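Engineer:
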Amino acid sequence: MSAETQDIHTIYDVDEADFERRVLERSRELPVVVDFWADWCGPCKQLTPVLERAATARAGRVELAKVDVEKNRSLQTAFRIQGIPAVKAFKDGQVVDQFVGVKPPSAVEQFFDGLVPSEADRLVEAGDEASLRRALELQPGRADASVALGGMLHRRGEEDEALEILDRVPRSFAAEGLASRIRLEREAPELAEAFKALDDGETERALDLLIEALPNADGRKDDIRRVVVGVLDDLGVEHPLSRETRRRLAAALY
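Quick note: the sequence shown uses this note's numbering, first residue 16, plus one each step.
See below:
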């Protein structure tokens with residue numbers, strides 16, 4: 016497909032007759048950005064080329080629909096357009112982001128990036144080792160990629176590299192929990208039963224064993240705490256185990 020043909024499908028004019036099909040219905044398949052403009056609007060003529068470049072750079076992942084408000088008054092009213100240029104982003108038939116007025120190219124790029132996955136996002140979603148490594152090249156210290164890759168290396172017995180990757184992640188309960196587990200597996204063989212239970216999906220039993228180990232853990236309490244917190248973070252605050260386990264953890268530590 017030529018670039019010219021691709022642009023035709025990525026950027027198009029819409030009106031009242033085809034707005035529902037080309038914007039609302041289409042946005043259930045991929046994001047659609049709508050540029051509300053008018054021929055007399057000088058700022059619109061500044062912004063539209065910036066929007067078009069951003070959309071063309073993401074062809075196949077986002078589309079740009081242009082609405083002339085002078086010719087489509089019902090759409091102007093329906094979407095409460097009071098000033099132009101007005102830009103609205105649609106996903107699943109709903110407005111998910113918007114702005115009014117001229118924005119610099121960097122801000123427009125950021126607006127589009129919020130709608131479509133970045134290259135690193137797509138690599139993490141792929142989830143294979145090569146993709147995860149590439150994602151970390153693009154975004155060093157990215158938590159989800161680091162934890163996924165660290166988990167692979169841990170299961171393969173390559174603990175040193177796993178720790179090196181996990182220790183680069185700032186402020187991640189999951190990364191800290193996995194790194195602490197790796198250290199405890201080396202230094203505290205008495206916790207092997209707890210980790211086996213965790214791997215077997217017996218989460219409640221694993222948490223019980225870890226918390227029960229705290230009184231005699233000496234210098235390893237903080238690592239055990241990080242493992243427990245990492246598990247709870249994965250479960251989420253609404254999980255039935257979370258609140259009670261947090262209470263028990265606090266009681267055992269303090």
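C-beta atoms are modelled at their ideal positions from N, C-alpha and C, and glycine is treated no differently. Computed from a predicted structure; not experimentally measured.
Would you give the residue range spanned by the beta strand (DSSP E) that isoleucine 26 belongs to?
Structural biologist: Counting from one through the sequence shown, the residue named residue 26 turns up at place 11. Start and end: 26-28.
Engineer: Identify which residue in Asp223, Gly172, Leu222 has its Cα closest to the Cα of arginine 198.
Structural biologist: Start at 1 with the first residue of the sequence shown, and residue 198 comes out as number 183. When each option's Cα is compared against that of arginine 198, the closest is Gly172.
Engineer: When the Cα of tryptophan 52 is compared with those of Ala160, Leu62, Ala122, which residue comes out closest?
Structural biologist: Walking along the sequence shown from the start, residue 52 turns up at place 37. The candidate whose alpha carbon is nearest that of tryptophan 52 is Leu62.
Engineer: Per DSSP, lysine 81 forms a beta bridge with which residues?
Structural biologist: Within the sequence shown, the letter at position 66 stands for residue 81. According to DSSP, which records beta bridges pairwise, lysine 81 is partnered with Asp28, Asp50.
Engineer: Considering Cα atoms alone, identify which of Pro120, Arg258, Asp128 is closest to aspartate 112.
Structural biologist: Counted from its first residue, the sequence shown places residue 112 at position 97. Ranking Pro120, Arg258, Asp128 by Cα distance to aspartate 112 puts Asp128 first.
Engineer: Using the DSSP secondary-structure output, state which residues sit across from aspartate 223 in a beta bridge.
Structural biologist: Start at 1 with the first residue of the sequence shown, and residue 223 comes out as number 208. Note: aspartate 223 sits in no beta bridge, so no partner.
Engineer: According to the neighbour-count rule (16 or more other Cβ atoms, all chains shown, within 10 Å of its Cβ), is glutamine 97 buried or exposed?
Structural biologist: Position 82 of the sequence shown holds residue 97. By the 10 Å Cβ count, glutamine 97 comes out exposed.
Engineer: Indicate the three-state DSSP secondary structure (helix, strand or coil) for phenylalanine 34 in the structure shown.
Structural biologist: Taking the first residue of the sequence shown as position 1, residue 34 is located at position 19. Three-state result, phenylalanine 34: helix.
Engineer: Can you tell me where the beta strand (DSSP E) with phenylalanine 105 in it begins and where it stops?
Structural biologist: Translated into the one-based positions of the sequence shown, residue 105 becomes position 90. First-last of the beta strand (DSSP E) with phenylalanine 105: 101-106.
Engineer: Assign threonine 25 to one of two classes, buried (16 or more other C-beta atoms within 10 Å of its C-beta) or exposed (fewer than that).
Structural biologist: Numbered from its first residue, the sequence shown carries residue 25 at position 10. Burial call: buried.
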